[in-house]
């Protein structure tokens, strides 16, 4: 780990302490489909909410390697909690890269202290869901946003919101704005009872309120630049790290079972079939880890981030890991069978991880990214690979 | 090295002829132990000696010689208060 931390605590130490807490709460939040309040508190106390905040604002000054390392560990204990944290980090990265100096000063210090958890409001409900209006006389911006799904929305302390730009701007002009919870009136609509990722407590939300003009993140009307250079790369890397971490955690638990002398007799660890399956699982994890590591290198090279081969890889990372992390867990369920793999009260909890990972292809839909990558791949006649 | 340990180990040393004494410092690799099957040796040792070898012991040094392996096995036994 390469981070320079603000206190003597190591990143591994901070992460290990939090993992113990979130592991303890993982089953209960899944059962109740409730937000992991205690786990988030542990993250706030650990300093990890400010992992990507520069040291000059009191943060841990971490980079994408650190984001991956922590995401993988958290997700091995609870994928819902890991995703809540990782998406918060994605929002923080956006503010670090594109926030105005005043906004950074206001928000990043609070984030570093663990006081502010930022949720992402980027999904849209067809047409007319959002309106950003400038009030010249009052010198503020008025936000009115109807979002069909906001992860952790009822518990966030701040929101990064995509808004169609001021009415006089062209319809494709979208701005990203930061709004503290205190400035907003929130109306939650809809319940949350999904197959998996139940702890993310993602609900429909209507947000309305007035924000400072300096709370626009990035060039007004040009969310696309923020998305291409920061939001998408950091998001894909963070999600992939979480999904890979969940699949890795599943293999680790299965290996523990296979290696434990009490249980292995019934699981036939000497069989060729089992060894082939385990080999394939491990191979997939290594392939995903290699692609993820490459994309971390890609994302750090801001000069080339918009190059077609790089965009292809960053999209492929999301699609590939979404598909294969789920497949890995599916195979592991086959390996350990019904009792250890399918029962809800099995200590391995593979069924929870399987349900959680089923969301991965739908979360910013693989179909959309594949359509984009199909177009991009046709442009790259030279087929430039990362060789 | 106790008798059970030696008996279990010998089953995995395909090049060690029956009746030939086991040299505690001979390279297990040269006696026919391959890394792909090391896990089967671990399973057999754990089953028959009732010990659990820790993850930290899963490296080439542990499997270098019979003496090395016995060191890991007896340490694992001692850690749970077992005299082998």
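Protein chains in written order, with this note's numbering: chain A, 1 to 387; chain B, 1001 to 1084. By construction, the Cβ of each residue, glycine as well, lies at the ideal position given by its N, Cα and C atoms.
Give me the residue from the options with the minimum Cα distance to residue i.
i: residue 146 of chain A; options: A:184, A:329, A:112; result: A:184
i: residue 1040 of chain B; options: A:307, A:271, A:257; result: A:271
i: residue 194 of chain A; options: A:358, A:370, A:369, A:14; result: A:358
i: residue 152 of chain A; options: A:37, A:356, A:305, A:286; result: A:37
i: residue 18 of chain A; options: A:46, A:209, A:52; result: A:46
i: residue 157 of chain A; options: A:353, A:249, A:186; result: A:186
i: residue 16 of chain A; options: A:292, A:256, A:42, A:248; result: A:42
i: residue 64 of chain A; options: A:327, A:326, A:302; result: A:302
i: residue 1077 of chain B; options: B:1048, B:1060, B:1028; result: B:1048
i: residue 331 of chain A; options: A:110, A:250, A:256; result: A:250
i: residue 234 of chain A; options: A:337, A:96, A:258, A:139; result: A:96
i: residue 227 of chain A; options: A:51, A:94, A:220, A:32; result: A:94
i: residue 1014 of chain B; options: B:1005, B:1037, B:1045; result: B:1037
May I ask you to report which of helix, strand or coil DSSP gives residue i?
i: residue 127 of chain A; result: Low local confidence applies: a pLDDT of 45 at residue 127 of chain A is under 50, so the model's placement there is unreliable, with the coordinate-based value given in what follows. Three-state DSSP puts residue 127 of chain A in coil, outside helix and strand.
i: residue 308 of chain A; result: helix
i: residue 382 of chain A; result: coil
i: residue 153 of chain A; result: coil
i: residue 1020 of chain B; result: coil
i: residue 147 of chain A; result: strand
i: residue 290 of chain A; result: helix
i: residue 163 of chain A; result: strand
i: residue 225 of chain A; result: helix
i: residue 1026 of chain B; result: coil
i: residue 193 of chain A; result: coil
i: residue 344 of chain A; result: coil
i: residue 3 of chain A; result: Confidence at residue 3 of chain A is low in this model, with a pLDDT of 47, below 50, so the placement of that residue should be treated as unreliable; the coordinate-derived value is given next. Residue state, collapsed to three classes: coil.
i: residue 261 of chain A; result: coil
i: residue 1051 of chain B; result: coil
i: residue 235 of chain A; result: helix
i: residue 113 of chain A; result: coil
i: residue 141 of chain A; result: strand
i: residue 188 of chain A; result: strand
i: residue 99 of chain A; result: coil
i: residue 21 of chain A; result: helix
i: residue 217 of chain A; result: strand
Cβ closer than 7 Å: which chain A residues qualify as neighbours of residue i?
i: residue 1047 of chain B; result: 261
Whose Cβ in chain B lies nearer than 8 Å to the Cβ of residue i?
i: residue 264 of chain A; result: 1043
i: residue 270 of chain A; result: 1040, 1043
Could you please give the first and the last residue of the uninterrupted beta strand (DSSP E) stretch that includes residue i?
i: residue 179 of chain A; result: 174 to 180
i: residue 121 of chain A; result: 118 to 121
i: residue 209 of chain A; result: 203 to 211
Which bits of chain A does residue i rub up against, with CB to CB less than 9 Å?
i: residue 1052 of chain B; result: 259, 260, 261
Can you name the start and end residues of the alpha helix (DSSP H) that residue i belongs to?
i: residue 352 of chain A; result: 350 to 357
i: residue 63 of chain A; result: First-last for residue 63 of chain A: undefined, no H or E at that position.
i: residue 1004 of chain B; result: 1003 to 1011
Assuming residue i and residue j make a contact with CB atoms under 8 Å, what is their CB distance in whole Å?
i: residue 242 of chain A; j: residue 79 of chain A; result: 6 Å
i: residue 210 of chain A; j: residue 141 of chain A; result: 7 Å
i: residue 296 of chain A; j: residue 70 of chain A; result: The pair is not a contact, with the Cβ atoms about 13 Å apart (cut-off 8 Å).
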